[in-house]
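Number of protein chains: 2
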Amino acid sequence: MNNNNIFIEKLRSAGLRPTIQRINICKVLFDRKKTFHFTINHLKTLLQEKTDQKISQATVYNTINALTKKGHLKEISINSEKNYFDTNITSHHHFYNESTKELIDLQDSDIGKINIKKPLPGKKIKSIEVLVKVANNN
Amino acid sequence: MNNNNIFIEKLRSAGLRPTIQRINICKVLFDRKKTFHFTINHLKTLLQEKTDQKISQATVYNTINALTKKGHLKEISINSEKNYFDTNITSHHHFYNESTKELIDLQDSDIGKINIKKPLPGKKIKSIEVLVKVANNN
DNA sequence: CTCTACTTTAGAATCATTATAAATTACACA
DNA sequence: TGTGTAATTTATAATGATTCTAAAGTAGAG
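Protein chains in written order, with our numbering: chain A, 189 to 326; chain B, 189 to 326.
The structure is reproduced here in structure tokens:
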């Protein structure tokens, strides 16, 4: 229950009213040590498991979209099949394990510095992200 | 009309029967000098413009999926809004212009070598791709 | 406490994509 | 050059993810 205040502040700072539903979503998303990768479906399942309160599908979508827009979540596109979100909102790299469909964060130190050699007149770089696809040596 | 034979061979080599519809799709996709990035919608529009023959939506999807499966096209996921395909099937990097929603291929020489420092026991690297998001300095 | 704007909700609507099943076509082989 | 069969195309239906709608409920300023 202690963390609730943190979540309430997080929501408030993003201009979102702290409702029971949104706080429950925050609990599932942010009450963990490692960063969390999820799909909407995965999140819906976890919410059902971990929470007494019912929560409608529309609210899950609305809240995740709001959190993403406000910068508390990051959207990650690996392929067209699944749309992932990430609680690590910094610009960072990923491993995607094609065998297990697992997505893993990489530290910047795991990949040497990347330098873009091409000149970009009139353009600003917003992010540079590397996706390393791996498969198990079955 | 000359190129049709090339397309027929391309389709045959992928185990696909060369039908009028598939040849028309090949014309739109491959009869160009630069690599081509497109969404299914974009392709459907171009097919309507450039071709007399009607082609059903299902055939467009079936053919693009078949060509992708056979390795003549590459799927590229930038965000959940649009699913892109690329006629450049090599492992390569991209610029995505968030202002114009344009996707541009990068040469390997445009980006310094990327070395993965993290050990990957029991895993094989399938691809390493960089996505550089840029925006116009309005 | 009360009012109003924001939020939630169930269900409908939409959009992209895939499945279905009947009509058509490619092409191997006679 | 026909013919039969399996592949292909097609219109349409089905599916799945996401968004919209409008009514009921709630947060929080005053």
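Yeah, the Cβ is synthetic: ideal placement off N, Cα and C, and Gly gets one too.
For K222 (chain B), none of the residues of chain A pass the 8 Å Cβ criterion, the least Cβ distance being about 16 Å. Beta-bridge annotation (DSSP): D274 (chain A) is paired with A:H225 and A:K262. Inclusion of I299 (chain B) and I313 (chain B) in the CB contact set at 8 Å is not warranted, their separation being larger than that value. Shown in chain order are the members of the segment 246–267 of chain B whose Cβ falls below 8 Å from a Cβ of chain A: E263, S265, I266 and N267. Interface flag for D298 (chain A) against chain B is set, since a Cβ pair is found closer than 8 Å. Just so you know, the alpha carbons of K242 (chain B) and T207 (chain B) end up roughly 13 Å apart. Annotation for A246 (chain B): no beta strand (DSSP E) segment contains it, though the alpha helix (DSSP H) segment containing it runs Q245 to K257.
Short of 8 Å from the beta carbon of G259 (chain B), and not among the five residues preceding or following it, lie these beta carbons of its own chain, in chain order: A202 and I277. Contact between F273 (chain A) and F226 (chain A) holds, since their C-beta atoms are separated by about 6 Å, short of 8 Å. DSSP lists B:H282 as the beta-bridge partner residues of D293 (chain B).
If you compare the alpha carbons of A:N267, A:T275, A:K215 and A:G310 with that of L319 (chain A), the shortest gap goes to A:N267. Using a Cβ-Cβ cut-off of 8 Å, I277 (chain B) does not count as an interface residue toward chain A, since no Cβ of chain A sits closer than that to its own. The C-alpha of K306 (chain A) is placed about 15 Å away from the C-alpha of N285 (chain B). For a Cβ distance threshold of 9 Å, nothing in chain A lies close to I228 (chain B): the least Cβ distance comes to about 10 Å. For N212 (chain A), the secondary structure class from DSSP, reduced to helix, strand or coil, is helix.
The three-state reading of DSSP puts L308 (chain B) in coil, since its state is none of H, G, I, E or B. In this structure, the straight-line span from the alpha carbon of K221 (chain A) to that of K215 (chain B) is close to 52 Å. Taking 8 Å as the threshold, the shortest C-beta distance from E290 (chain B) to chain A does not fall below it. Neighbourhood of L308 (chain B) in chain A, by CB distance below 7 Å: V322, in chain order. Annotation: E269 (chain B) is outside any alpha helix (DSSP H) and is labelled neither H nor E by DSSP. Around K198 (chain A), the same chain offers C214, F218 and H260 as residues with beta carbons nearer than 8 Å, after the five sequence neighbours per side are excluded. The residue among B:H230, B:T256 and B:K257 with its C-alpha nearest the C-alpha of Q245 (chain B) is B:H230.
Annotation: N191 (chain B) is outside any alpha helix (DSSP H) and is labelled neither H nor E by DSSP.
Within the DSSP secondary-structure output, N325 (chain B) pairs in no beta bridge.
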